[in-house]
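As they're listed, the protein sequences go chains A and B.
Going by this note's numbering, the letters in the first sequence line up with residues 1 to 147, in that order.
Going by this note's numbering, the letters in the second sequence line up with residues 1 to 531, in that order.
Note that beta-carbon positions come from the ideal geometry of N, C-alpha and C, so glycine has one too.
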Amino acid sequence: MATAEETLRALAETVVPGPPHDDTLGAAEIEAEGFIVHYLESVIPGLSDGVATILDGMATELREGSSFVDLSLDERAGVLQRLCEHEVQDLRELGDLLLALSFASVYGEWSGLDANGELTRAPLGWELTGWPGPADGYPSLLRKRNG
Amino acid sequence: MVRVNMPDVLVVGCGGGGAVIAKELAEAGLGVVALEAGPWHDPQRDFTGLEWDMLNPIDAVFRWGPADRTKPPWPRRRDGIPLLISTAGVGGNTLHFGANCPRGYPGPMELDWPMGYADMIPHYEKVEATLPIVVPEIASPKDQLFIHGCEKAGIDQISAPDVMRAGWRMQPNAILPIAERAAELRYPSTDGCTQCGQCIVGCRSPDYAPLERTAKRSTNVSYAPLAMRTGRCEIRTGCFATRILTEQTRDGLRARGVRYRDLDGRVFEQDARIVVLAGGAIETPRLWLSSELPNTGAVGRNLTTHWFEYLSAEFPHQVEMYMGQTAMARADFPGYGFVESQGLGPLTWAFVSFLGRSWNAGGEGPWTSKGRIIGSALKRKMEAYRRTLMLVVCVDDEVDPSNGVSLADGLADENNPAPFVRYHATRTSVSRREWLVDKAAEILLGAGAIPETLHRADASPSTVHMHGTMRMGTDPATSVLDDGCEAHEVKRLFVADTSPFPNGIGGPNPTLTAQALATRTATKIVERYFS
């Protein structure tokens with residue numbers, strides 16, 4: 001049985017895949033589950049275990065005896081879509097939160113922060129997008145000095 | 001810090017509107033106390049430029065919650081509007097606004113506003129001079145591309161601040177003039193906007209600038225310091241108003257003060273001759289309803305949001321959307337709304353573009369993809385970030401009394417019952433939005449976008465813009481405030497935010513109009529009670 005961390009890593013990997021599913025690095029390589037667990041727990045303590053249980057339950061509905069980590073990437077994406085389109089508003093909102101946290105784990109600054117929360121290296125998402133990060137300004141877009 | 005013990009006027013909320021009316025009234029000679037639920041940030045110290053740190057709804061610097069970021073945000077319940085964006089703190093939502101400050105369209109204001117449009121012009125002019133509003137001289141690459149697309153789509157250039165016909169123009173922005181090139185990109189060598197592109201993430205440009213020389217003119221760096229400079233205004237931060245206090249007089253009910261909680265949970269009552277509510281279009285009706293004030297039916301109703309849509313497309317060349325002020329050019333379409341180019345960091349762009357309502361849908365229009373995208377398809381879109389131009393569509397959404405704010409059953413924070421916000425677009429709003437989406441696609445393709453890459457976000461409604469929940473009007477059955485923004489049912493109680501708007505002003509960004517209205521309301525308060 002997979003741990004909650006493993007299940008949430010499989011979730012993040014579905015949203016932002018890396019090798020062998022994709023050529024460039026993804027959420028699993030930066031252990032995005034650490035970010036996701038932190039924020040789920042800050043919303044409601046114990047929520048990360050609850051989310052793993054929900055994802056595993058939906059996986060079993062899809063293929064009996066399977067947990068979420070056993071599913072293919074496409075099957076996991078299908079589970080996420082079902083969650084985001086669920087008739088219960090709280091579950092739909094949970095699906096939206098999981099997608100948003102998965103995006104943010106890679107394309108936000110988290111993977112560039114050290115243990116003190118200082119930005120010490122380029123986050124993965126900045127490398128993947130080519131964004132140079134926040135700048136003090138762009139001299140080429142400033143006014144030429146008069147005279 | 002000035003202490004004002006017996007204020008003439010108590011202002012609840014020191015954001016885009018509250019700071020303006022506090023400054024105007026203090027300059028008129030009145031003693032003013034402004035209560036602000038959040039902190040007064042120091043941009044140089046607090047604004048990191050990091051998207052998640054600054055903007056996430058859970059524990060960011062800009063969020064609707066206590067100043068202590070380890071505490072949870074204040075909860076809200078929603079129907080049809082998943083994302084409620086508000087920021088506690090001096091400056092309020094101007095802390096994260098794009099600083100686009102056009103006037104409202106004259107047509108819809110002439111139609112539905114009790115004082116019409118012409119009456120607002122001198123007040124617009126005063127705010128434009130005070131902030132100041134500046135039309136930038138140098139467009140960033142993304143905006144140049146947008147302008148090129150407009151011209152290819154046959155859209156004329158217009159220049160008047162009072163927009164009567166469709167056309168594109170450079171944005172009137174609440175941002176200091178673009179700085180001159182200097183040896184060092186920091187104050188005082190550099191004074192003015194450095195085009196760093198972080199308007200929405202939190203402007204601290206240029207580095208080492210004193211508060212009042214911060215380039216983007218959020219009210220925490222403009223109106224609030226001006227209010228303090230009078231020596232007659234006190235801003236109490238970390239103070240959440242929980243009840244409007246009233247008394248019954250021969251002439252009817254009137255406001256006499258406010259009860260509030262401070263950061264430590266201590267409860268205070270502050271008396272004042274006049275109370276001004278300026279907590280925004282969600283919190284102002286929430287406070288009214290929590291205070292159990294009379295409601296003839298219009299309180300909390302008629303919310304408009306401009307229901308945004310976002311279109312992105314890739315180009316064969318670099319666009320670098322992150323360079324320059326967030327939005328420097330716009331195309332206005334009276335009767336429909338407007339379209340503008342907008343530059344965001346990669347995470348914010350991903351959030352608005354790829355977390356929409358539908359799931360990986362195809363195109364039934366000029367776009368080839370629509371809605372949510374995840375997996376390798378998302379990564380390919382993100383890899384093209386630097387070659388992508390994004391346009392925002394902002395709709396003149398129709399007023400519908402069933403959209404608005406009430407109190408949530410069984411959900412509360414430490415202050416009051418939580419607000420329950422409902423928004424569903426009308427059929428007219430949907431068709432105006434589709435018209436603008438087609439126009440935006442035409443602009444992108446005209447600019448040279450690769451047609452197969454056109455993506456439509458299918459965005460849910462949100463409260464980036466929000467107005468109308470305490471509308472002005474002459475009939476108390478269908479409005480809350482009179483044409484001076486004083487409550488019909490409670491004398492000496494005024495409102496100075498976007499909630500008095502009888503409609504969405506035709507679609508343009510609402511901040512300047514709220515500030516002009518607050519300026520006008522200050523003159524009404526002085527005329528009615530202090531002259």
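CA nearest to the CA of residue i, picked from the options
{"i": "B:Ala457", "options": "B:Glu486, B:Glu442, B:Ala313", "result": "B:Ala313"}
{"i": "B:Gly473", "options": "B:Trp113, B:Leu84, B:Asp46, B:Ala60", "result": "B:Trp113"}
{"i": "A:Phe35", "options": "A:Pro45, A:Ala12, A:Leu55, A:Gly18", "result": "A:Ala12"}
{"i": "B:Trp359", "options": "A:Glu127, A:Ala77, A:Lys144", "result": "A:Ala77"}
{"i": "B:Glu452", "options": "B:Trp367, B:Gly38, B:Arg217", "result": "B:Trp367"}
{"i": "B:Ser86", "options": "B:Arg213, B:Asn100, B:Met54", "result": "B:Met54"}
{"i": "B:Val352", "options": "B:Gly371, B:Arg250, B:Asp483", "result": "B:Gly371"}
{"i": "B:Ser431", "options": "B:Asp46, B:Pro108, B:Glu414, B:Val395", "result": "B:Val395"}
{"i": "B:Gly324", "options": "B:Tyr187, B:Arg433, B:Arg357, B:Ile178", "result": "B:Ile178"}
{"i": "B:Leu289", "options": "B:Ala209, B:Ala272, B:Met470, B:Pro172", "result": "B:Met470"}
{"i": "A:Val43", "options": "B:Met390, B:Asn56, B:Leu25, B:Pro72", "result": "B:Pro72"}
{"i": "B:Gly410", "options": "B:Ala440, B:Pro75, B:Arg256, B:Pro500", "result": "B:Pro75"}
{"i": "B:Tyr322", "options": "B:Ala514, B:Glu527, B:Asp143, B:Glu24", "result": "B:Asp143"}
{"i": "B:Gly252", "options": "B:Thr70, B:Arg492, B:Met6, B:Ala160", "result": "B:Arg492"}
{"i": "B:Val176", "options": "B:Pro161, B:Ala139, B:Leu131, B:Ser140", "result": "Strictly speaking, residue 176 of chain B in this sequence is Leu, with Val absent from that position. Nearest option by C-alpha distance: B:Leu131."}
{"i": "B:Trp168", "options": "B:Gln198, B:Gln515, B:Cys485, B:Ala440", "result": "B:Ala440"}
{"i": "B:Phe315", "options": "B:Phe146, B:Glu212, B:Gln171", "result": "B:Phe146"}
Assigned secondary structure, residue i (DSSP; H/G/I helix, E/B strand, else coil)
{"i": "B:Leu391", "result": "strand"}
{"i": "A:Gly147", "result": "Low confidence applies to A:Gly147: its pLDDT is 46, below 50, so where it sits in the model is not reliable enough to give any reading."}
{"i": "A:Leu141", "result": "helix"}
{"i": "B:Tyr124", "result": "helix"}
{"i": "B:Thr249", "result": "strand"}
{"i": "B:Thr237", "result": "strand"}
{"i": "B:Trp349", "result": "helix"}
{"i": "B:Arg372", "result": "strand"}
{"i": "B:Phe420", "result": "strand"}
{"i": "B:Cys193", "result": "strand"}
{"i": "B:Lys71", "result": "coil"}
{"i": "B:Met170", "result": "strand"}
{"i": "A:Tyr56", "result": "Here residue 56 of chain A is Asp; the residue named in the question, Tyr, does not match the sequence. Reduced to three states, the DSSP call for A:Asp56 is helix."}
{"i": "A:Glu5", "result": "helix"}
{"i": "B:Asn5", "result": "coil"}
{"i": "B:Gln270", "result": "strand"}
{"i": "B:Leu517", "result": "helix"}
{"i": "B:Asn220", "result": "coil"}
Contact test: residue i Cβ vs the ligand MG heavy atom, cutoff 7 Å
{"i": "B:Arg76", "result": "As far as ligands go, the structure on display features none, and thus does not contain the ligand MG."}
Residues bridged to residue i [DSSP beta-bridge criterion]
{"i": "B:Ile244", "result": "B:Val258"}
{"i": "B:Phe62", "result": "Beta-bridge pairing links B:Phe62 to no other residue."}
{"i": "B:Ser406", "result": "B:Phe420"}
{"i": "B:Gly337", "result": "B:Phe333, B:Val395"}
{"i": "B:Thr230", "result": "For B:Thr230, which the question treats as bridged, DSSP gives no partner whatsoever."}
{"i": "B:Thr304", "result": "B:His467"}
{"i": "B:Leu493", "result": "B:Val275"}
Contact under 8 Å by Cβ, residue i with residue j
{"i": "B:Asn403", "j": "B:His465", "result": "no"}
{"i": "B:Leu293", "j": "B:Ile244", "result": "yes"}
{"i": "B:Pro461", "j": "B:Gly80", "result": "yes"}
{"i": "B:Gly280", "j": "B:Gly38", "result": "no"}
{"i": "B:Gly504", "j": "B:Thr284", "result": "no"}
{"i": "B:Val437", "j": "B:Gly343", "result": "no"}
{"i": "B:Asn220", "j": "B:His41", "result": "yes"}
{"i": "B:Asp418", "j": "B:Gly238", "result": "According to the sequence as given, residue 418 of chain B is Ala; it is not Asp. Not closer than 8 Å, so no."}
{"i": "B:Thr519", "j": "B:Lys126", "result": "yes"}
{"i": "A:Ser105", "j": "A:Ala27", "result": "yes"}
{"i": "B:Thr296", "j": "B:Pro476", "result": "yes"}
{"i": "B:Ser218", "j": "B:Leu35", "result": "no"}
{"i": "B:Asp497", "j": "B:Gly17", "result": "yes"}
{"i": "B:Val32", "j": "B:Val61", "result": "no"}
Residues within the stretch 323-353 of chain B neighbouring chain A, beta-carbon criterion of under 8 Å: Met323, Gly324, Gly345, Pro346, Leu347, Ala350, Phe351
Residues of the stretch 107-127 of chain B whose Cβ lies closer than 8 Å to any Cβ of chain A, in chain order: none
Residues from the stretch 30-53 of chain A in contact with chain B, defined by Cβ distance under 8 Å: Residues passing the 8 Å Cβ filter: Tyr39, Ser42, Val43.
Short-range partners of chain A found in the stretch 359-386 of chain B, where Cβ spacing is below 9 Å: Residues of the stretch 359-386 of chain B whose Cβ lies closer than 9 Å to any Cβ of chain A, in chain order: Trp359, Asn360, Arg372, Ile374, Gly375, Ser376, Leu378, Lys379, Met382, Glu383, Ala384, Tyr385, Arg386.
Contacting positions in the stretch 175-192 of chain B - beta carbon closer than 9 Å to chain A: Pro177, Ile178, Ala179, Glu180, Arg181, Ala182, Leu185, Arg186, Thr190, Gly192
Short-range partners of chain A found in the stretch 202-230 of chain B, where Cβ spacing is below 7 Å: So the close ones are Ser205, Pro206, Asp207.
Positions along the stretch 81-105 of chain B whose CB lies within less than 8 Å of some CB in chain C: No chain C is part of this structure, whose protein chains are labelled A and B.
Residues from the stretch 2-23 of chain A in contact with chain B, defined by Cβ distance under 8 Å: Thr14, Val15, Val16, Pro17, His21, Asp22
Interfacial residues, the stretch 129-140 of chain B to chain A, with Cβ spacing under 9 Å: Residues of the stretch 129-140 of chain B with a C-beta atom less than 9 Å from some C-beta of chain A are Glu137, Ile138, Ala139, Ser140, listed in chain order.
Contact set between the stretch 274-300 of chain B and chain A, restricted to residues whose Cβ is under 8 Å from the partner: Correct list: empty, as no residue qualifies.
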